Structures are given as structure tokens and as C-alpha cells.
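Colleague: Mind having a look at this structure? Questions to follow.
In the numbering used here, the protein residues as written are 655 to 730.
Structural data, given as C-alpha cells:
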């Protein structure tokens, strides 16, 4: 089932809010050497799970995200 841009935006926004709630309870996360890696992993994992749910296919796996070149300047 293809998503229109509004649906995709809603999924990403809801996933981000879900992730921010999760991060609120993880105070020690920022003590890690590279907390951005864990944050990006969690975001990717949650996006994939939410998109699988939306597609109603638990084996769907078309999400690819390469954060190897991501700079911390892009993070809030």
C-alpha cells in the first residue's frame, strides 16, 4: 500500500514523538561516547516497525538509512 506524503509525514512525526518520550526516561544515554548512534538506531527501528504495521506486513523491510556520515550538527 503506497503512502502519500501526508501519511508518511504523520508516521515520521508520531515515531519522533514516541522516541522523544522513550528518551525522556533514559538519562544515562547521554553519558555514552556516541549517544547519537543509539538515538538513530532507535529511530530507524521504530520507523521500520511502524511502517510494517501500516503496511500490514511484518516481513516488510524497505527502510534503508545510512547514518555513517551524519554529523552531530544536524541533531537538535
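Yeah, the Cβ is synthetic: ideal placement off N, Cα and C, and Gly gets one too.
Computed from a predicted structure; not experimentally measured.
(1) DSSP three-state call for residue 713: helix, strand or coil?
(2) For residue 683, which residues of its own chain have a beta-carbon under 8 Å away from its beta-carbon, when the five flanking residues on both sides are left out?
(3) Short of 6 Å in beta carbon distance, which residues of its chain neighbour residue 710, apart from the five on each side in sequence? Order them along the chain.
(4) Let me know the secondary structure DSSP gives residue 658 once reduced to three states.
(5) Give the straight-line distance between the Cα atoms of residue 706 and residue 685, rounded to the nearest whole angstrom.
(6) The ligand MN heavy atoms versus the CB of residue 676: any closer than 6 Å?
Modeller: In this structure, then:
(1) DSSP, reduced to helix, strand and coil, places residue 713 outside both helices and strands of the structure shown, so it counts as coil.
(2) The residues 677, 689, 692, 693, in chain order, have a CB closer than 8 Å to that of residue 683 in the same chain once the five nearest residues on each side in sequence are set aside.
(3) Nothing meets the Cβ criterion.
(4) Looking at residue 658 - three-state DSSP - the assignment turns out to be coil, as it is neither helix nor strand.
(5) Going from the Cα of residue 706 to the Cα of residue 685 covers about 32 Å.
(6) By its list of ligands, the structure shown contains no ligand whatsoever, and the ligand MN lies outside what it can speak to.
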